[in-house]
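Asks: Each residue of the sequence shown is one higher than the last, beginning at 1019 in the numbering used here.
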Amino acid sequence: MATRRILSGIRTTGPLHFGHYFGALRNWVNLQDEGYECFFLLADVQALTTHFENVSGIRDSVYEVVLDFLAVGLDPDRSTFFIQSQVPDLTELSMYFGMFTRVAELQQNPTIKEELKHQTDLLYGFLGYPVSQAADILLFSPVPLGSGDRLLVPVGEDQAPHIEGTRDIARRFNKLYGPTFVEPEILVGDVARLPGLDMDKMSKSRGNAIYLGDSADTVVAKIMSAYTDPNKQRVDDPGNPLGCAVYQYYSAFAPEIADEVIIACQRGEIGCVADKKRLIDVMNDFMEPIRSRRAEFAVNPDYVWEILARGNAHAREVGEAVMTVVRAAMKIDYPDLPTIELKPFRPRTW
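Structure below.
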């Protein structure tokens, strides 16, 4: 039977917000429920590319992100959650890929290319992250290769060029060393882009995010401060909801009434304050099951860490099967080396 495997991940730089939910997590839950074999990576090593001087929060972030996974409906009995640093084969495979990847290729990666506009002295870890990302994905390539096997990476359309780099590495490896990896496929799902409260990109660093774990009172405070059309001064002024964070949130949290909201705003039939109060009720109703599930798991941290321990073990098992094939293909498996039992070290006495 052909394998249908999903690999995706998220950097552990803080708790997850609704930009993550509508941009990725919702789609992940759907893929899990459709019966794909899902692996979800907690990218703590990749977090070091931007947080190497402030590592204290990375471990806590891993725990918080798992709570968020569980809260939105990802099921550890049907999906594997694992920590990047706890699967050593990822580092080994990344090193091998780096042997035949040129710096000029890395500089064409969209993220690297953008960063080079601002600085030329990039850190090695940041410059090499596309190779690390390729290893993260290809370590979960089905082996041995079978007819119809698929490795899919769910991303938004803007992320497609990143995955194309991984496909290039897979093709190059297969050409150099023989058929080993399935070329990963880009799976563009139902992905919505949710802006921050100020209409900029939703981000922890910008302070404009609504988090999955935010309380009802926090949602009230945040939505009441959200950006709205500055030209709509009175209730009966026609508004421009398309440039307003409030309308964007209606479209995400309650699409069935979004058209009603936009028409009422454009006709000057509702004011921004009333619009926001209605949105607060909509969002808190939507978020309540998520908050409830998160709180249920948060009281049992040992269980959360056990989920990760099991996930790490499964990821290592799958990865080691791939690396056995990789090492043999690259002629660095050394089958003639005998297995020896190490004796305890005893210092020589004089």
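Glycine residues also receive a C-beta, built at the ideal position from the N, C-alpha and C atoms. These numbers were taken from a predicted model, which means no experiment stands behind them.
Can you tell which of A1065, R1023 and D1107 has the C-alpha that lies nearest to the C-alpha of R1096?
Replies: Numbered from its first residue, the sequence shown carries residue 1096 at position 78. Measuring from the Cα of R1096, the nearest candidate turns out to be R1023.
Asks: Of all the options Y1081, S1159 and A1152, which has the alpha carbon lying nearest to the alpha carbon of T1342?
Replies: To locate residue 1342, count along the sequence shown from 1; it is residue 324. The option with the nearest alpha carbon to T1342 is S1159.
Asks: Going by DSSP in three states, I1076 sits in which element: helix, strand or coil?
Replies: Counting from 1 along the sequence shown, the entry for residue 1076 is found at position 58. Reduced to three states, the DSSP call for I1076 is helix.
Asks: If you count every other CB in all the chains shown that lies within 10 Å of the CB of N1249, and 16 or more means buried, which is it?
Replies: Against the sequence shown, residue 1249 aligns to sequence position 231. Answer is exposed; the Cβ neighbour count stays below 16.
Asks: Would you call the region 1115-1130 in contact with the region 1067-1085, where contact means no fewer than 3 C-beta pairs closer than 8 Å?
Replies: Contact fails: fewer than three Cβ-Cβ distances are below 8 Å.
Asks: Rounded to whole angstroms, what's the CA-CA distance from T1030 to R1364? Just pull it up for me.
Replies: Counting from one through the sequence shown, the residue named residue 1030 turns up at place 12. Counting from one through the sequence shown, the residue named residue 1364 turns up at place 346. Roughly 43 Å between the two C-alpha positions.
Asks: For V1237, would you say it is in contact with chain C, using Cβ-to-Cβ distances shorter than 8 Å as the test?
Replies: The chain labelled as chain C is not found in the depicted structure, where only one protein chain is given.
Asks: Should E1082 be labelled buried (16 or more other beta-carbon atoms within 10 Å of its own) or exposed?
Replies: Here residue 1082 is taken as the residue at index 64 of the sequence shown, counted from 1. By the 10 Å Cβ count, E1082 comes out buried.
Asks: Report buried or exposed for M1113, applying the criterion of at least 16 other Cβ atoms within 10 angstroms of its Cβ.
Replies: In the sequence shown, residue 1113 corresponds to position 95, counting from 1. Exposed, since its Cβ has fewer than 16 Cβ neighbours within 10 Å.
Asks: Please look up how many angstroms separate the CB atoms of P1172 and L1134, rounded, as I've assumed it's under 8 Å.
Replies: Along the sequence shown, one-based indexing puts residue 1172 at 154. Along the sequence shown, one-based indexing puts residue 1134 at 116. With a Cβ gap of about 28 Å, P1172 and L1134 do not count as contacting.
Asks: Relative to the alpha-carbon of L1169, which residue among P1319, I1325, T1198 and R1366 has its alpha-carbon at the smallest distance?
Replies: As a working mapping, residue 1169 is identified with position 151 in the sequence shown. Ranking P1319, I1325, T1198 and R1366 by Cα distance to L1169 puts T1198 first.
Asks: At what residues does the beta strand (DSSP E) containing F1021 begin and finish?
Replies: Residue numbering aside, residue 1021 sits at position 3 when the sequence shown is read from its first letter. With the sequence shown as reference, residue 1021 is identified as Thr, and Phe is not the correct amino acid for it. Careful: T1021 lies outside any beta strand (DSSP E) and carries neither H nor E.
Asks: Could you tell me whether the Cβ atoms of H1035 and M1301 are closer together than 8 Å?
Replies: By one-based count along the sequence shown, residue 1035 stands at place 17. By one-based count along the sequence shown, residue 1301 stands at place 283. Cβ atoms of H1035 and M1301: not closer than 8 Å.
Asks: Can you tell me which of the three DSSP states E1203 falls into?
Replies: As a first step, residue 1203 must be located in the sequence shown, where it is residue number 185. Of the three classes helix, strand and coil, the one that applies to E1203 here is strand, per DSSP.
Asks: DSSP beta-bridge partners for H1035?
Replies: By one-based count along the sequence shown, residue 1035 stands at place 17. DSSP output for H1035 lists Y1229 as bridge partner(s).
Asks: Is E1324 helix, strand or coil when you go by DSSP?
Replies: Taking the sequence shown and counting its residues from 1, one reaches residue 1324 at position 306. Helix.
Asks: From D1254, S1310 and A1089, pick the residue whose C-alpha is nearest to that of A1234; which is it?
Replies: Translated into positions along the sequence shown, residue 1234 becomes position 216. For A1234, the nearest C-alpha among the options comes from S1310.
Asks: Can you tell me whether P1162 is buried or exposed, with buried defined as 16 or more other CB within 10 angstroms of its CB?
Replies: Within the sequence shown, numbered from 1, the residue matching residue 1162 stands at position 144. Its Cβ having fewer than 16 others within 10 Å, P1162 is exposed.
Asks: Cα separation between E1335 and R1328?
Replies: Residue numbering aside, residue 1335 sits at position 317 when the sequence shown is read from its first letter. Residue numbering aside, residue 1328 sits at position 310 when the sequence shown is read from its first letter. Cα to Cα, the separation comes out at about 11 Å.
Asks: Once the 5 residues before and after V1322 are set aside, which same chain residues still bring their CB inside 7 Å of it?
Replies: Position 304 of the sequence shown holds residue 1322. Counting only Cβ-Cβ distances below 7 Å, and skipping sequence neighbours, we find Y1081, V1084, L1085 and F1315.
Asks: From K1193, L1092 and T1021, pick the residue whose C-alpha is nearest to that of Y1039; which is it?
Replies: Numbered from its first residue, the sequence shown carries residue 1039 at position 21. Here the closest residue by C-alpha is L1092.
Asks: Taking all protein chains shown into account, do 16 or more other C-beta atoms lie within 10 angstroms of the C-beta of P1362, making it buried, or fewer, making it exposed?
Replies: The residue given as residue 1362 occupies position 344 in the sequence shown. Under this definition P1362 is an exposed residue.
Asks: Between the beta-carbon of D1218 and the beta-carbon of R1211, is there less than 8 Å?
Replies: Sequence index remark: in the sequence shown, residue 1218 carries index 200 (1-based). Sequence index remark: in the sequence shown, residue 1211 carries index 193 (1-based). Not in contact: D1218 and R1211 (Cβ atoms no closer than 8 Å).
Asks: Using C-beta distances below 6 Å, list every residue in its chain close to Y1229, excluding the 5 sequence neighbours before and after it, in chain order.
Replies: The sequence position of residue 1229 within the sequence shown is 211, counting from 1. P1033 and H1035, listed in sequence order.
Asks: Please list, in chain order, all residues of the same chain as V1105 whose beta carbon is under 8 Å from its beta carbon, the five residues on each side excluded.
Replies: Along the sequence shown, one-based indexing puts residue 1105 at 87. Result list for V1105: L1157, N1330, A1333, R1334 and G1337, in chain order.
Asks: Along the chain, where does the alpha helix (DSSP H) that runs through R1311 open and close?
Replies: Start at 1 with the first residue of the sequence shown, and residue 1311 comes out as number 293. Element bounds for R1311: C1290 to A1316.
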